[in-house]
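First the structure, in the form of structure tokens, and then the observations on it.
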Amino acid sequence: FREIWVYSPRLEGVHLRFGAVARGGLRWSDRREDLRTEILGLVKAQIVKNTVIVPTGAKGGFVLKQPPDIGNRDAYLAEGVDCYRTFISALLDITDNLVPDPAGGNRTVPPDNVVRHDGDDAYLVVAADKGTATFSDIANDVAASYDFWLGDAFASGGSAGYDHKAMGITARGAWESVKRHFRELGLDTQSQDFTVVGVGDMSGDVFGNGMLLSEHIRLVAAFDHRHIFFDPDPDAATSYAERRRLFELPRSSWADYDVALLSPGGAVVSRTAKRIEISPQVRQALGLPEDTAALTATELMKAILGAPVDLFWNGGIGTYVKASNENNADVGDKANDAIRVDGAVLRCRVIGEGGNLGCTQLGRIEFALAGGKVNTDAIDNSAGVDTSDHEVNIKILLRQAERDGVLDPSARNDVLAEMTDEIADLVLRDNYDQNAALACESAFAVSLLDVHQRYLRRLVRVGLLNRVLEFLPSDRQLVERQREGIGLTTPEFSVFMAYAKIALTDDILDSALPDDPAVQHVLYEYFPPRLRERFRAQIDRHPLRREIITTQLVNELVNTAGITGVFRLWEEFGESAEEIVRAHLAAATIFDIDGVWAQAKALDNVVPADMTTTIRLEATRLAERATRWLLTRSEPPLSIDAQVARFSGGARQVVGALPEQVRGIDHDAFQGRLRELTISGVPEALGRTVATFPKAISALDVVRAAELTGADIDEVAEVYFFLDERLSLASLLERVIALPRAERWQAIARAALRDDLNAEHTALTVEVLASGTGSAEDRFAAWQAEATAAQERALAMLAEIASGDTLDLATLVVAVRVIRSMRRAEAASERPGPVGSAAPGR
1 FREIWVYSPR LEGVHLRFGA VARGGLRWSD RREDLRTEIL GLVKAQIVKN
51 TVIVPTGAKG GFVLKQPPDI GNRDAYLAEG VDCYRTFISA LLDITDNLVP
101 DPAGGNRTVP PDNVVRHDGD DAYLVVAADK GTATFSDIAN DVAASYDFWL
151 GDAFASGGSA GYDHKAMGIT ARGAWESVKR HFRELGLDTQ SQDFTVVGVG
201 DMSGDVFGNG MLLSEHIRLV AAFDHRHIFF DPDPDAATSY AERRRLFELP
251 RSSWADYDVA LLSPGGAVVS RTAKRIEISP QVRQALGLPE DTAALTATEL
301 MKAILGAPVD LFWNGGIGTY VKASNENNAD VGDKANDAIR VDGAVLRCRV
351 IGEGGNLGCT QLGRIEFALA GGKVNTDAID NSAGVDTSDH EVNIKILLRQ
401 AERDGVLDPS ARNDVLAEMT DEIADLVLRD NYDQNAALAC ESAFAVSLLD
451 VHQRYLRRLV RVGLLNRVLE FLPSDRQLVE RQREGIGLTT PEFSVFMAYA
501 KIALTDDILD SALPDDPAVQ HVLYEYFPPR LRERFRAQID RHPLRREIIT
551 TQLVNELVNT AGITGVFRLW EEFGESAEEI VRAHLAAATI FDIDGVWAQA
601 KALDNVVPAD MTTTIRLEAT RLAERATRWL LTRSEPPLSI DAQVARFSGG
651 ARQVVGALPE QVRGIDHDAF QGRLRELTIS GVPEALGRTV ATFPKAISAL
701 DVVRAAELTG ADIDEVAEVY FFLDERLSLA SLLERVIALP RAERWQAIAR
751 AALRDDLNAE HTALTVEVLA SGTGSAEDRF AAWQAEATAA QERALAMLAE
801 IASGDTLDLA TLVVAVRVIR SMRRAEAASE RPGPVGSAAP GR
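Mapping to the numbering used here: the sequence shown position 717 is 717, numbers consecutive.
Below you can see the structure in the form of structure tokens.
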């Protein structure tokens, strides 16, 4: 989108942005020969990482061209700070500004002495990065000297920003992934002891905070750049207390650990030690050969990485896991070449990536294919960038409130501080939701592999994705996996999900949807509750209102509808992404899908993880069917509010009465599913709701039939479900749903046939309702009494088809055609041939 190159006798710098609204760190680099290559590689990763937040990726860096001797630390730092200031100034010298206008909005003002060849472009934010972790206040001072419109939102995390270490937010976000992985393994990290090895020490933000997130952590071993710590059989409570002491001790190291608290065989040793004696206890804890008596420090650290423990927690700097087909040279982290291990030989069950780049992507995939639980660093540690994004957008909001005279500038920092916990809750919800979404994707990794392959191809075709650069399998590799019954791994889904969000973001931002009143609530939900109440007028005028709404919608939709949810409907209908999203939002609201997901979340560690995933998947399946129903029967542009108002009340009334209305096999299926759910520990109220999902889509047909006839909804529902049993329509629908859908045209044919069957069911319901009064049986008897010969033949043929043992696509197509011929309008115009096997010449 934009590249800025800065050149002076003292420094060289580059800043890359991939959108008008983009965010990323500025680093003090030491790679003078290939600075741009370094920044380009980093910004590519930033784009993927930023999918959970409003801006797309940006990255910048500078190098010193005349650095003082590094031995003179003060002079070296002073030169770095001066060059950083120059770099920031250069960026602002050619960046537009926003100034208040009399109408209460903002107008764009170009910088002085600049010839513009582009349009308005005033959004420029920076963040701390390698070498600039403490430079945010410096950047904000420079921005203030330019009276830049963002104020101290220009560089998040300064003295008036959110302290990520004090919040522990990055570690807490990654811990959501850890908890999810272990729930799937049947272990509750907050109530059951588990073993851990890690990289880092207790003075560090991510490692230190992470190792205090459960009192049941049994930290067996860890290392940082100074020491190696091992405690082969730790007491969870004792070791937790000592780790907390170290965390609170300024500038602590593993050398400060009270060795008297270590279990027998434990020790803290220097990484420079030539020979380290290995006790029997350590040998057992690390799974070393019986004849291992001593190891070098390098060998011991390698053994720690490969230890047979529950969790490997990476909170350090460096890359420690690669794939067996990668060379160390491919990794680009020479400092750790000697200790790095392959994903295939890891013996931990879970990897938690609190730090960046702890594993190569191929290393993660290899570990996952071997049965390990792992996401990516972009998923696990996104809470930091998410918190910064909230900080920037809140500061923009509060700056407007100050200008409007509704916030005293001296009170702003107090307002920010008071919302710390609320910000954390909003951010951690994003981490939780992405993990839940990945669990749902993994459940269909094999059955939807063909769909995944098609969507990957499309993303490549439109120029969004390079499968080689992102380490996503080729078509040939996917064919091989399909043959072996293996789908995409969670690390691959993590990247795939990011690109699905990028693609959808572009489509929605370019549409009218972010301006629709029906979606404005997501703008308010982005901000903490106290801001929604106090500064609603300023939220409505937020400069990034459309971008915030788009980001919130895209995250919600992809997390709940799945990576390929919009793509599959696009394949089927050819509708725009905007229209599909409109239909999905209406469908999800009508059936309260968000409410079901929230209730499933409340069951974590109460019922098995696969049960909560199943509940989410069944809710998602209902939403998809309802989305398809609305797309089939609505003219674009679909009005979200109108569809919700039309169907919501009636649909919920029908679904609430379903347990009493359904008959025959549907009633048996409901009771059986309810038993399964309640036996697993699902509360009966939620169980009843979920057990209705297979038939809940019928509620839309019932409401539509009530509209067409003017009849009471309960009356319509009685006739609808009577016909379900009397004509064996429920049985036919089960056969349709059981049809294969691995390939695109199979899936489309199956969906179309199901929709046709439901449409004919509705039309027949309307006809039977008009045939008389009284009960459903009385109305059907009245309808049948007036049946024509063609309708009688159709009834007989339908009974014959429904009683068959196997029903393929061709037979089911005929069955739908037969049902259509049963309606009077159709029967009157039909010749006998199409539905009668004895018709001459057929």
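Backbone N, C-alpha and C fix where the C-beta goes; we use that ideal spot for every residue, glycine too.
Continuous beta strand (DSSP E) stretch holding residue i: start and end
i: R779; result: Segment 776-785 is the alpha helix (DSSP H) holding R779; no beta strand (DSSP E) there.
i: H15; result: 11-17
i: L26; result: 26-28
i: W313; result: 311-314
i: E353; result: 350-353
i: H227; result: 227-230
i: T298; result: T298 -> not in any beta strand (DSSP E); alpha helix (DSSP H) instead, spanning 297-305.
i: T56; result: 56-64
i: V196; result: 194-199
i: A267; result: 267-270
Buried versus exposed call for residue i [16 or more other C-beta atoms within 10 Å across all chains shown]
i: S263; result: buried
i: R243; result: buried
i: N325; result: exposed
i: Y7; result: exposed
i: D291; result: exposed
i: G57; result: buried
i: S447; result: exposed
i: H227; result: buried
i: A828; result: Because A828 carries a pLDDT of 44, less than 50, the predicted location of this residue cannot be relied on, and no value is offered for it.
i: I70; result: exposed
i: V99; result: exposed
i: R582; result: buried
i: K59; result: buried
Residue of the options minimising C-alpha distance to residue i
i: S821; options: L807, L416, G804, A796; result: A796
i: L700; options: E725, L677, A669, S648; result: S648
i: L40; options: F722, A143, L26; result: L26
i: A368; options: T489, V268, T298; result: T489
i: D510; options: E579, Q453, R536, V479; result: E579
i: Y720; options: G104, K695, D377, I228; result: K695
i: G61; options: R23, D129, I53; result: D129
i: L638; options: D540, P68, E575; result: E575
i: S771; options: A711, A747, V558; result: A711
i: T134; options: S159, S145, I801, H117; result: S159
i: P608; options: H181, A166, P100, K59; result: H181
i: V682; options: I665, D540, Q599; result: Q599
i: G774; options: A742, Q784, V178, E715; result: E715
i: R823; options: P636, E777, D310, A759; result: A759
i: E492; options: R534, F527, L449; result: L449
i: I317; options: R107, D224, I278, G405; result: D224
i: T689; options: I665, V702, E660, V655; result: V655
i: R10; options: N50, F1, G24, R85; result: R85
Same chain, Cβ closer than 7 Å to residue i, five either side skipped, listed in chain order
i: G287; result: A307, P308, R347
i: R467; result: L456, V460, S474
Close Cβ partners of residue i (< 8 Å) along its chain, the five nearest in sequence each way excluded
i: D755; result: R628, W629, T632
i: A838; result: At A838 the pLDDT is 31, less than 50, meaning the model places this residue with poor confidence; the figure from the coordinates comes in the next sentence. Cβ neighbours of A838 beyond the five flanking positions: none.
i: D256; result: L246, L249
i: D778; result: G772
Close-in-space but distant-in-sequence residues of the same chain around residue i (CB under 6 Å, 5 per side omitted)
i: V495; result: E470
i: D193; result: H216, R218, A236
i: R412; result: L398
i: N559; result: D433, A437
Limits of the alpha helix (DSSP H) - the one that residue i falls within
i: V644; result: 640-661
i: E3; result: Run containing E3: none in the alpha helix (DSSP H); it sits in the beta strand (DSSP E), 2-7.
i: A222; result: Here A222 belongs to no alpha helix (DSSP H); instead the beta strand (DSSP E) covers 217-223.
i: T420; result: 420-443
i: V736; result: 729-737
i: D805; result: Note, D805: premise wrong, no alpha helix (DSSP H); not H, not E.
i: N393; result: 383-403
i: N555; result: 545-561
Contact with chain C by residue i, beta-carbon distance below 8 Å
i: D604; result: Annotation note: the requested chain C is absent from the structure, which comprises a single protein chain.
Every unbroken alpha helix (DSSP H) within the stretch 100-172, with a cutoff of 4 residues, ordered by chain | Complete alpha helix (DSSP H) runs here, min 4: 136-145, 164-167.
Which ranges would you report for the alpha helix (DSSP H) in the stretch 314-351 if only whole runs of at least 4 residues count?
-> Taken in chain order, the complete alpha helix (DSSP H) segments of 4 residues or longer contained in the stretch 314-351 are 328-331.
Ignoring anything shorter than 4 residues or poking outside the stretch 741-772, list the alpha helix (DSSP H) runs there in chain order.
-> For the stretch 741-772, whole alpha helix (DSSP H) runs of length 4 or above, ordered along the chain, are 744-769.
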